[in-house]
Every structure is written in C-alpha cells, then in structure tokens.
Amino acid sequence: MMRHALSMLGGIALAVGLFWMLALLVAPPEQQVDEPIMTMSMTMVEAPEVAPEQEAPPPAPAQAAPAPPPMPTPAPAPVATSTIALPEVELPDAPVEPVELESELPELTEAQPKPTPRPQPAPEPAPEPSPEPAETVAPPAEPAAAQRDAAPAAEPAPSNEPVSVGQVAPTNRVNPSYPPRAQRRGMEGFVEVEFVIRRNGSVDGGSIRVTNAQPRRVFEDAAREAIARWQFEPSQQLRRATQRIEFQLR
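Numbering (UniProt numbering), first residue to last: 1 to 250.
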C-alpha cells in the first residue's frame with residue numbers, strides 16, 4: 001500500500017517537471033528595450049507691461065415704447081325674438097278598459113236526495129165482532145157496555161219527539177249564496193247538515209246542525225241560511241232530516 005502511494009507521488013512530480021520544462025522551451029526570450037532619454041532647456045523671460053483698460057461708458061436708457069390704444073368695446077349681439085307660436089297639442093285620454101264584474105253568482109249543483117219510502121201508517125185493527133146475545137135475558141146496561149168495548153181504540157196523540165226520515169225533497173228550495181272569499185280563491189266543497197222539520201213544513205232554524213263540511217269554516221254559514229228558508233210538505237209528526245249541499249264553480 002505504501003508503495004503504491006510513493007509511486008503515485010513520484011509520477012505526479014515527474015509530470016509537473018515535464019510540463020514546466022516544456023513551458024520554458026516554448027516561451028520566447030525577453031528582449032531588452034532601450035528607453036529614449038529626453039532633455040529640456042529652460043530660459044527666464046520677463047512678461048510685458050499691460051496698459052489698464054478704459055471703462056466703457058454706461059449705455060443710454062432705452063426710451064419707453066408708447067402704450068397701444070385701448071381696444072373698442074364690442075357692441076352686444078342683438079337678441080333674436082321668435083314669432084313662431086307652437087300649437088297646443090291635446091293628448092287623447094288613455095282608453096280605460098271596462099272591468100267586468102261578476103254580478104251573477106254561479107249556479108249551484110246540489111246532490112238530488114234519494115227518495116225515501118214514506119212510513120206506511122199502521123193498519124187499523126179490525127173491529128172485534130160483537131158477542132152474540134145469550135139466550136138469557138140480559139139487563140139493559142150490559143149491551144151498552146159491550147158496544148163501548150167493540151168501538152175502535154182512539155188514535156194516540158202526536159208525539160213531540162221527531163222521527164228520522166233521512167233526505168226529503170223540499171217543496172220550496174232556496175239556493176245558498178256562494179261566499180265571496182271562496183269564489184275569489186276558486187274553492188269548492190260541500191256541507192252536510194241535520195235539521196228538524198216542523199208539522200207545518202217549515203224548518204226549525206235552531207235545530208240546524210252541521211255534521212260534516214269540506215273545507216271547514218267556509219260554506220257552513222251559507223248552508224244554514226239557505227236551509228232555514230226551505231219548505232216541506234206538512235205532516236202530523238215532527239221529522240228529523242239530513243241534507244248534503246255541494247258548492248261548485250262553473
């Protein structure tokens with residue numbers, strides 16, 4: 001290992017020495033240049049006397065130039081007056097489109113009530129046959145008692161409890177008015193009510209009761225007011241009826 005290191009150092013030293021000798025052989029010899037020697041001679045000369053310069057007279061003041069005459073004031077331009085009169089233009093009034101108001105209310109279609117069979121009066125009981133007189137002589141009071149028993153029983157007095165009859169067709173029907181709010185909004189619906197018909201055929205207004213309505217709180221008042229003015233056929237009994245009124249726009 002030491003050997004190789006020494007041999008490498010020797011090789012490097014040999015290469016450096018060869019390059020240095022080659023540079024000495026290639027470079028040209030330096031020539032000695034003689035520098036020229038310059039000689040100078042100096043003599044003393046007296047300077048000539050210079051006469052003093054005369055002062056120049058001051059320049060005469062320049063005369064002031066006369067001021068230019070003032071410019072004339074221009075006359076004001078004449079004001080042009082126009083004699084042309086513009087005609088007054090009358091604008092036509094803007095046409096006003098008449099607004100058609102729906103004065104007539106749409107007709108209401110109501111569900112026709114199904115005819116319900118009228119209750120048939122119960123057949124009167126046949127009079128019982130009078131018993132045949134016995135052979136024995138009866139006292140005079142007994143035939144009168146038998147006749148009273150054979151007479152038909154008197155009809156019971158009409159009850160104050162109303163009888164349920166379902167839907168009944170009125171003889172005088174008043175159509176309900178369509179609520180303005182529902183008409184503006186295009187709302188439709190129905191109302192089902194229950195009420196009592198008096199013996200004379202009029203409707204008991206205090207008995208009107210709403211059982212179903214769609215939509216709620218829209219058509220109930222109009223239905224009550226209309227049914228309160230309906231008229232039905234008279235009867236010997238109070239009747240409880242039901243009615244469905246539909247509100248539809250056409």
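Just so it is clear, CB atoms sit at the ideal spot from N, CA and C, and this is done for glycine as well.
Coil, strand or helix - residue i by DSSP
| i | result |
| --- | --- |
| G205 | strand |
| S159 | coil |
| A5 | helix |
| G10 | helix |
Chain-order list of residues whose beta-carbon lies under 8 Å from that of residue i (same chain, five-residue window excluded)
| i | result |
| --- | --- |
| R209 | V193, E194, F195 |
| R199 | P158, P234, S235, Q236, Q237, L238 |
| V163 | P119, Q237, L238, R239, R240 |
Close-in-space but distant-in-sequence residues of the same chain around residue i (CB under 6 Å, 5 per side omitted)
| i | result |
| --- | --- |
| F219 | G189, V191, F247 |
| T211 | E192, E194 |
| V165 | R239, A241 |
| P143 | Since pLDDT at P143 reaches only 48, below the 50 mark, its modelled position is unreliable, and the value read off the structure follows with that caveat. Here the set comprises nothing. |
| G11 | none |
| R3 | none |
Cβ-based neighbour list, residue i, same chain, cut-off 7 Å, excluding 5 preceding and 5 following
| i | result |
| --- | --- |
| S207 | F195, V196 |
| Q231 | P170, T171, N172, G201, S202 |
| Q214 | G189, F190 |
| D204 | F195, V196, R198 |
| P179 | V218, F219, A222 |
Okay, do the stretch 215-235 and the stretch 167-181 touch, 3+ Cβ pairs below 8 Å being the bar? With the cut-off at 8 Å, the stretch 215-235 and the stretch 167-181 touch.
Ignoring anything shorter than 3 residues or poking outside the UniProt domain "TonB C-terminal" (163-250), list the beta strand (DSSP E) runs there in chain order. Listed in chain order, the complete beta strand (DSSP E) runs (minimum 3 residues) inside the UniProt domain "TonB C-terminal" (163-250) are 163-166, 189-197, 203-214, 239-247.
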